[in-house]
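Inspection log for the structure reproduced underneath, given as structure tokens.
Number of protein chains: 2
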Amino acid sequence: MQLLQTTDKDFSARFKTLVSDRREATVDVSGTVREILADVKVRGDAAVKDYTSRFDHYNPESLHLSASLIAEKAAQCPADVKAALELAAQRIAAFHQKQLPQDIGYTDTVGVKLGLNWVALSQVGIYVPGGRASYPSSLLMNALPAKIAGVERIVMTVPMPGGELNPVVLAAAQIAGVTEIYSIGGAQAIAALAYGTESIAPVDKIVGPGNAYVAEAKRQVFGTVGIDSIAGPSEILVVADSQNNPDWIAWDLLSQAEHDPSAQSILITDSETFAQQVIAAVEQILTTLPTKQVAAASWQNHAAVIIVSDLAQSIPLLNQLAPEHVELCVDNPQLLANQIKCAGSLFLGRHTPEAIGDYLGGPNHVLPTARSARFASGLSVYDFLKRITYLECNQQALQTIGEAAVTLAQAEGLPAHAGSVSVRLQ
Amino acid sequence: MQLLQTTDKDFSARFKTLVSDRREATVDVSGTVREILADVKVRGDAAVKDYTSRFDHYNPESLHLSASLIAEKAAQCPADVKAALELAAQRIAAFHQKQLPQDIGYTDTVGVKLGLNWVALSQVGIYVPGGRASYPSSLLMNALPAKIAGVERIVMTVPMPGGELNPVVLAAAQIAGVTEIYSIGGAQAIAALAYGTESIAPVDKIVGPGNAYVAEAKRQVFGTVGIDSIAGPSEILVVADSQNNPDWIAWDLLSQAEHDPSAQSILITDSETFAQQVIAAVEQILTTLPTKQVAAASWQNHAAVIIVSDLAQSIPLLNQLAPEHVELCVDNPQLLANQIKCAGSLFLGRHTPEAIGDYLGGPNHVLPTARSARFASGLSVYDFLKRITYLECNQQALQTIGEAAVTLAQAEGLPAHAGSVSVRLQ
Numbered sequence: 001m002q003l004l005q006t007t008d009k010d011f012s013a014r015f016k017t018l019v020s021d022r023r024e025a026t027v028d029v030s031g032t033v034r035e036i037l038a039d040v041k042v043r044g045d046a047a048v049k050d051y052t053s054r055f056d057h058y059n060p061e062s063l064h065l066s067a068s069l070i071a072e073k074a075a076q077c078p079a080d081v082k083a084a085l086e087l088a089a090q091r092i093a094a095f096h097q098k099q100l101p102q103d104i105g106y107t108d109t110v111g112v113k114l115g116l117n118w119v120a121l122s123q124v125g126i127y128v129p130g131g132r133a134s135y136p137s138s139l140l141m142n143a144l145p146a147k148i149a150g151v152e153r154i155v156m157t158v159p160m161p162g163g164e165l166n167p168v169v170l171a172a173a174q175i176a177g178v179t180e181i182y183s184i185g186g187a188q189a190i191a192a193l194a195y196g197t198e199s200i201a202p203v204d205k206i207v208g209p210g211n212a213y214v215a216e217a218k219r220q221v222f223g224t225v226g227i228d229s230i231a232g233p234s235e236i237l238v239v240a241d242s243q244n245n246p247d248w249i250a251w252d253l254l255s256q257a258e259h260d261p262s263a264q265s266i267l268i269t270d271s272e273t274f275a276q277q278v279i280a281a282v283e284q285i286l287t288t289l290p291t292k293q294v295a296a297a298s299w300q301n302h303a304a305v306i307i308v309s310d311l312a313q314s315i316p317l318l319n320q321l322a323p324e325h326v327e328l329c330v331d332n333p334q335l336l337a338n339q340i341k342c343a344g345s346l347f348l349g350r351h352t353p354e355a356i357g358d359y360l361g362g363p364n365h366v367l368p369t370a371r372s373a374r375f376a377s378g379l380s381v382y383d384f385l386k387r388i389t390y391l392e393c394n395q396q397a398l399q400t401i402g403e404a405a406v407t408l409a410q411a412e413g414l415p416a417h418a419g420s421v422s423v424r425l426q
Numbered sequence: 001m002q003l004l005q006t007t008d009k010d011f012s013a014r015f016k017t018l019v020s021d022r023r024e025a026t027v028d029v030s031g032t033v034r035e036i037l038a039d040v041k042v043r044g045d046a047a048v049k050d051y052t053s054r055f056d057h058y059n060p061e062s063l064h065l066s067a068s069l070i071a072e073k074a075a076q077c078p079a080d081v082k083a084a085l086e087l088a089a090q091r092i093a094a095f096h097q098k099q100l101p102q103d104i105g106y107t108d109t110v111g112v113k114l115g116l117n118w119v120a121l122s123q124v125g126i127y128v129p130g131g132r133a134s135y136p137s138s139l140l141m142n143a144l145p146a147k148i149a150g151v152e153r154i155v156m157t158v159p160m161p162g163g164e165l166n167p168v169v170l171a172a173a174q175i176a177g178v179t180e181i182y183s184i185g186g187a188q189a190i191a192a193l194a195y196g197t198e199s200i201a202p203v204d205k206i207v208g209p210g211n212a213y214v215a216e217a218k219r220q221v222f223g224t225v226g227i228d229s230i231a232g233p234s235e236i237l238v239v240a241d242s243q244n245n246p247d248w249i250a251w252d253l254l255s256q257a258e259h260d261p262s263a264q265s266i267l268i269t270d271s272e273t274f275a276q277q278v279i280a281a282v283e284q285i286l287t288t289l290p291t292k293q294v295a296a297a298s299w300q301n302h303a304a305v306i307i308v309s310d311l312a313q314s315i316p317l318l319n320q321l322a323p324e325h326v327e328l329c330v331d332n333p334q335l336l337a338n339q340i341k342c343a344g345s346l347f348l349g350r351h352t353p354e355a356i357g358d359y360l361g362g363p364n365h366v367l368p369t370a371r372s373a374r375f376a377s378g379l380s381v382y383d384f385l386k387r388i389t390y391l392e393c394n395q396q397a398l399q400t401i402g403e404a405a406v407t408l409a410q411a412e413g414l415p416a417h418a419g420s421v422s423v424r425l426q
């Protein structure tokens, strides 16, 4: 953890380092992934089964999970967890339904009809990691926007290391409306979704988090299918005045730190005393936190506490950092929120811990990381819709605007463009 | 050109080949591009100037084009071309203004405030190719959506081979509201926009077409900045009955063929006689077309004419091909249009040649190619906006929904997530 004060002489330099710090380990797995993709493209199911046997120590007869097996396993999900998933799904769905956009269509003053229709993607794949990182909440966050957009075929892949299946993930899949499940993972799952195999029809877009192999496989199949953004380590930036309970803020900072040793937690406050109280609370919580190994590594290596003389100073710093999550733990959070240009999602006031948004606030928890909030947004219904524009001239309308198109086509040296218009003019 | 009939025994196999045909030349320039990017990242302006001297044979003292030089050059744009550009800009702007989305914000039944605000990107770069492919229409199509979204800084790069500048491009830049212009191109321009140099501040997103080096440079800087999609060779699919003038349809097919030897023109018709008339008309036009070298290569190697027994059969074929441009040259185009799920943009009726949309119909001409219309859309105002979501619980609302979040956090094995919520509950 490093402590910075805006009044320090070297603040600018240290803050610049903090902004440009790339926390992601870059292991080059592109060669291995390229081989797996090529193999699945050629050998289909046989290749997928080979890799599943080799990497997951699992040899299913069929890659497809039957409805009865899904139902049997999902029934093992504890009742309180199932109820919580249902509440989460209902709240996430309600928020995403409000995103459904309106088509555009009108006839302009010269008689040209034009417009834009939103059309759902036909089929998408959702990658769900296996093991500990197999988060049912992520499944809801990825599948529900697709469902609400109107995607008819929602295919999920989830590896089953040693044949083990997480009942909570299957319960979430049922609640979210997943239509097919395959018990595969890794680059081979991405290949199967992108190219198709004998038993898995290809999809048009693949979303969902995964390890380095999955991320690289998504990069390589991009173009053949659409993909969501590649998620980096989690980030939280908390802006807090001294009126907060230091314990609450410490828990918030650790809630992201426990995700990944490369996660980053930053506190900006206008009180040095409060900053020291939060730091002490973090150290205290870390002594007993079951995830302390991960959380302490993140805290030690990547956390920062920045002391400003006025919280208004946090805004330009925040817009440069463009963090995934921002908490504004102040009395009038909207005053600061209105000035934020670069962030994934905002958590306003003293009673909105970021984790509430991870599960069931309503907005999506798949958010831009690594400063990509400068140009990117969280996952949404829009990511599962396409826009098809249209144009319709009648004879008179074409006469009115056609000559100008001919002029521009000629200026660009494209005579067949010009000809296709002029042949229709008198 | 190949002729297919749906009644042919081998139709399915041949159509499948047509769908999977990848027309793009894949020269691997990634190594060269990686070097250029790294060099510009380290040496800044000096590196950009070196590459500009080497590749463009141009040695400007300043990379920045002065307002007076822009004004002087733009004044050389012919009056009729300038008037056509202004009509185009006005029509494109009118259509894109209708895309500006509404923010979402509400308080739900348990008292949680939540919403989504659309925020313009702060700064974008627009790459404009030099030489013959330097299309002023593309500049309008890339810059106007950014301007309308509210992007404050719109930076254009355009190489000046031998110091030559296209007055029409500069006139278009003025009309579109470009705020800075630099006389550079190639991978070095993409590097300068992504990383910044002494004289060029970095941007957050880069859009616009370019050659293989530019496309690869955009791929490599993706993540540091956002990029638009990588455009492949142009495509047109014309669905036409026998009531059309074969000459008109021939011109339409050639309007895309003249772009690139790898471009693809496809006609689907229900009349073999009409098909033969169109083919004959294409051959006739090609004898005198100034761009015949390119257009004939595209026509010979990539065009297809598909004869169906009923035009309704064109829809499933079309949705599989997912073409960039679709013309529906029939009396009631809306009947077919309503069934189209995968296409970039539609041109409806007998009087809407695709080229009218290239210049001034209103919808964007930057469209998905290579079947990416299955999952991607044309350029729009949305591409220059971000969504920032927010969530605000008061104490009572958190009491209502908090316990379920704790349950899910515990089920996912994330105790600090659970703690950040439970510490705020009674």
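Residue numbers (the UniProt record's numbering), protein chains in the order written: chain A, 1 to 426; chain B, 1 to 426.
Using N, Cα and C, we set each Cβ at its ideal position, and we do this for glycine too.
Buried or exposed by the 16-neighbour rule on C-beta atoms within 10 Å, applied to residue i
i: H365 (chain A); result: buried
i: V112 (chain A); result: buried
i: T273 (chain A); result: exposed
i: Y106 (chain B); result: exposed
i: L100 (chain A); result: exposed
Cross-chain neighbours of residue i in chain B, by beta carbon under 7 angstroms
i: W251 (chain A); result: A416, G419, S420 and V423
7 angstroms Cβ cutoff, residue i in contact with chain B
i: R387 (chain A); result: yes
i: V119 (chain A); result: yes
i: T107 (chain A); result: no
i: G378 (chain A); result: yes
i: S298 (chain A); result: no
i: F15 (chain A); result: no
i: D228 (chain A); result: no
Own chain residues within Cβ distance below 7 angstroms of residue i, not counting five before or after
i: M160 (chain B); result: D56, Y58, G130 and S183
i: D331 (chain A); result: none
i: F95 (chain B); result: G362 and P363
Any chain A beta carbon closer than 7 angstroms to residue i
i: A84 (chain B); result: yes
i: residue 430 (chain B); result: For chain B, the structure presents residues 1 to 426; residue 430 (chain B) sits outside this window and is missing.
i: C329 (chain B); result: no
i: N394 (chain B); result: yes
i: L170 (chain B); result: no
i: I92 (chain B); result: no
i: G357 (chain B); result: yes
i: Y51 (chain B); result: no
Beta-carbon gap between residue i and residue j smaller than 7 angstroms
i: R371 (chain A); j: A303 (chain A); result: no
i: V406 (chain A); j: A192 (chain A); result: no
i: A231 (chain B); j: T369 (chain B); result: yes
i: V203 (chain A); j: Q123 (chain A); result: yes
i: L348 (chain B); j: P333 (chain B); result: yes
i: V128 (chain A); j: L144 (chain A); result: no
i: W118 (chain A); j: L385 (chain A); result: yes
i: K205 (chain B); j: V178 (chain B); result: no
i: V48 (chain B); j: T197 (chain B); result: yes
Listed by chain order, chain A residues near residue i by CB distance under 8 angstroms
i: W248 (chain B); result: S420, V423 and R424
i: P167 (chain B); result: None at all; the shortest Cβ gap to chain A is about 10 angstroms.
i: D80 (chain B); result: T407
Cβ neighbours of residue i in the same chain (closer than 6 angstroms, five flanking residues each side left out)
i: C342 (chain B); result: N319, A322, A373 and R374
i: H259 (chain A); result: S234
Residues near residue i by beta carbon distance below 8 angstroms, same chain, minus five either side
i: L425 (chain B); result: L398, Q399, G402, E403 and V406
i: I70 (chain B); result: L170, A173, Q174 and I181
Cβ-heavy atom distance, residue i to the ligand ADP, below 6 angstroms
i: P161 (chain B); result: Only the bare structure without any ligand can be found here, which leaves the ligand ADP out of the picture.
Contact list for residue i against chain B, beta-carbon separation under 9 angstroms
i: S262 (chain A); result: None at all; the shortest Cβ gap to chain B is about 15 angstroms.
i: E258 (chain A); result: L414, P415, A416 and H417
Where residue i meets chain A, residues with beta-carbon distance less than 7 angstroms
i: F274 (chain B); result: Ordered by position in chain A, no residue passes the 7 angstroms Cβ test against F274 (chain B), which lies about 17 angstroms from the chain.
Proximal chain B residues relative to residue i, where beta-carbon distance stays under 8 angstroms
i: Y390 (chain A); result: A337, S345, L346, F347, L348 and P363
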